[in-house]
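Peer 1: If you're matching positions, the sequence shown starts at 116 in my numbering and goes up one per residue.
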Amino acid sequence: MKRAYNFGAGPSALPTEVLLEAQKELLDFKGSGLSIMEASHRSALYAEIHDNAQSLMRELYAIPDEYEILFLQGGASMQFAMVPMNLKQSGRVQFANTGAWSVKAIKEAKIAGMSVEVIASSEETSFDRIPETINFDDAIDYAHITSNNTIYGTQYHTYPSSKAPLVVDASSDIFSYPVDWSKVSMMYAGAQKNAGPSGVTIVIMKKSLIRDNNTLPTMLRYKTHADNNSLYNTPPTFGIYLLNLTMEWIKKQGGIKAIESINQTKADILYKAIDESNGFYISHAQKESRSLMNVSFNIKGKNQEVEAKLIKKTEEAGMIGLKGHRSTGGLRASIYNGVPLEAVEALVALLKEFAQEEYTNV
Ligand SMILES: *Cc1c(COP(=O)(O)O)cnc(C)c1O
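This is the structure we're talking about:
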């Protein structure tokens, strides 16, 4: 069996151990004679997985008891709309705009009738950084940030403080470092970048933010899902099963702190190769805002021919998903939890070799 080095931005690499376990159990889950995919979401067989996924998340991510953990559908993009619909009181919300995903969240908040204030932005410099000062007002319904900017490769290394509830879109860095929950009232993420397959959306929110709102469609109320332990309707059972296996894998690695330290190593060697390339590779993100999850970089002079040659070379070496997003160009290496150090080491070696071969040509 040959597994590619997958640097895709999402859906992205899952730990091989997780997939092997799923393969082993695919036809006969723990002697039940069923695939877990075929089991009722009301069965004891499935209930154990559902509850275990939640309790492992709570344990590993140190989520306090006053937070609810929900498994929803519709992706982070659905949360862009559900958050304002459910959290709207006065109608005032403030955003830090750090890229395309923030922009989409802002757009949906406006559609939901919120009065949106963008109080900090890095748009003028092509979203190459996290704004230095972010001061949210106290008298707003909530404040919103995108913790990791998947396209531009920037990341908050500390969350801003906010008296108003801070809502974090952590789609591309959930479970990659310990979170200071005293700062966060709500976090949401599509599972497909760092936690499992697409189809499951993780919501972690303070119970006090879950309100009865009879004017919203039943499925769009957090209360519906909280009251029913995310089993109001059929949840994405197979996705939650894989999420549970991923949580077990994180635990085996030594927990979130251990994962963070591996992530730091992976990012360090990659940024080092970029910084020590004599200007051949140029990081999109400013140093202090660099993401440990997505490393976006260009080739000197943004030479498209050389870029295409490099991408071809990575593909020949069994690496996939390195082409940058169309808005930044260049390359992007997504090095989520599931990407092994070995893959990043192979990429670093290839980048060094390529720079040496090509430097005089650009
Ligand atoms: C991928 C991504 C999204 C969109 O997630 P979906 O689950 O596809 O809706 C939102 N925010 C961020 C930061 C992302 O990386």
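Glycine included, every Cβ here is placed at the ideal spot set by N, Cα and C.
Pairing CB atoms from the stretch 180-197 with CB atoms from the stretch 314-321, are three or more of them under 8 Å?
Peer 2: yes
Peer 1: Under a Cβ-count criterion, where at least 16 other Cβ atoms within 10 Å of its own Cβ denotes burial, should glutamate 472 be classed as buried or exposed?
Peer 2: By one-based count along the sequence shown, residue 472 stands at place 357. Answer is exposed; the Cβ neighbour count stays below 16.
Peer 1: Please report how far the alpha carbon of histidine 357 lies from the alpha carbon of alanine 432, in whole angstroms.
Peer 2: Against the sequence shown, residue 357 aligns to sequence position 242. Against the sequence shown, residue 432 aligns to sequence position 317. The sequence shown places leucine at residue 357, rather than the histidine named in the question. A straight line joining the alpha-carbon of leucine 357 with that of alanine 432 spans about 28 Å.
Peer 1: Methionine 362 lies in the alpha helix (DSSP H); which residues open and close that run?
Peer 2: Counting from 1 along the sequence shown, the entry for residue 362 is found at position 247. 352-368 is the extent of the alpha helix (DSSP H) around methionine 362.
Peer 1: At a threshold of 7 Å, does aspartate 284 count as lining ligand 1 (C-beta to nearest heavy atom)?
Peer 2: By one-based count along the sequence shown, residue 284 stands at place 169. For ligand 1, at least one heavy atom lies less than 7 Å from the Cβ of aspartate 284.
Peer 1: Tell me where the alpha helix (DSSP H) around serine 376 begins and ends.
Peer 2: The sequence position of residue 376 within the sequence shown is 261, counting from 1. 371-390 is the extent of the alpha helix (DSSP H) around serine 376.
Peer 1: Leaving out five residues before and five after lysine 145 in sequence, what residues of the same chain have Cβ atoms less than 8 Å from its Cβ?
Peer 2: The sequence position of residue 145 within the sequence shown is 30, counting from 1. Leu160.
Peer 1: Relative to the C-alpha of alanine 137, which residue among Pro126, Ile151 and Ser127 is closest?
Peer 2: For the purposes of this step, residue 137 is taken as the residue at position 22 of the sequence shown. Ranking the options by Cα distance to alanine 137, first place goes to Ile151.
Peer 1: Run through the stretch 136-183 for me and flag every whole alpha helix (DSSP H) of 4 or more residues, listed as ranges in chain order.
Peer 2: 159-175
Peer 1: What does DSSP give as the partner residues of aspartate 288 in its beta bridges?
Peer 2: On the sequence shown, residue 288 is found 173 positions in, with the first residue counted as 1. None, per the DSSP bridge assignment.
Peer 1: Can you name, in chain order, every residue of its own chain whose Cβ lies under 6 Å from the Cβ of tyrosine 474, other than the five neighbours on each side?
Peer 2: On the sequence shown, residue 474 is found 359 positions in, with the first residue counted as 1. Taken in chain order, the residues that qualify are Phe395.
Peer 1: Pairs of beta-carbons, one from the stretch 297-308 and one from the stretch 428-445, closer than 8 Å: are there three or more?
Peer 2: Touching, no, given that fewer than three Cβ pairs across the two stretches are closer than 8 Å.
Peer 1: Cβ atoms of methionine 408 and serine 287: under 8 Å apart, would you say?
Peer 2: Mapped onto the sequence shown, residue 287 falls at position 172. Mapped onto the sequence shown, residue 408 falls at position 293. Yes, Cβ-Cβ distance for serine 287 and methionine 408 is below 8 Å.
Peer 1: Whole angstroms is fine: what's the gap from threonine 330's alpha carbon to asparagine 167's?
Peer 2: Mapped onto the sequence shown, residue 330 falls at position 215. Mapped onto the sequence shown, residue 167 falls at position 52. Computed Cα separation, rounded: 33 Å.
Peer 1: Are the CB atoms of leucine 202 and aspartate 256 within a distance shorter than 8 Å?
Peer 2: The residue labelled residue 256 in the question sits at position 141 within the sequence shown. The residue labelled residue 202 in the question sits at position 87 within the sequence shown. Yes, Cβ-Cβ distance for aspartate 256 and leucine 202 is below 8 Å.
Peer 1: DSSP three-state label for asparagine 409, please.
Peer 2: As a working note, residue 409 is residue 294 in the sequence shown. Asparagine 409 falls in the strand class under three-state DSSP.
Peer 1: For valine 133, tell me which candidate among Lys381, Val454, Lys222 and Thr261 has the shortest Cα-Cα distance.
Peer 2: Position 18 of the sequence shown, counted from the start, is the residue given in the question as residue 133. The candidate whose alpha carbon is nearest that of valine 133 is Val454.
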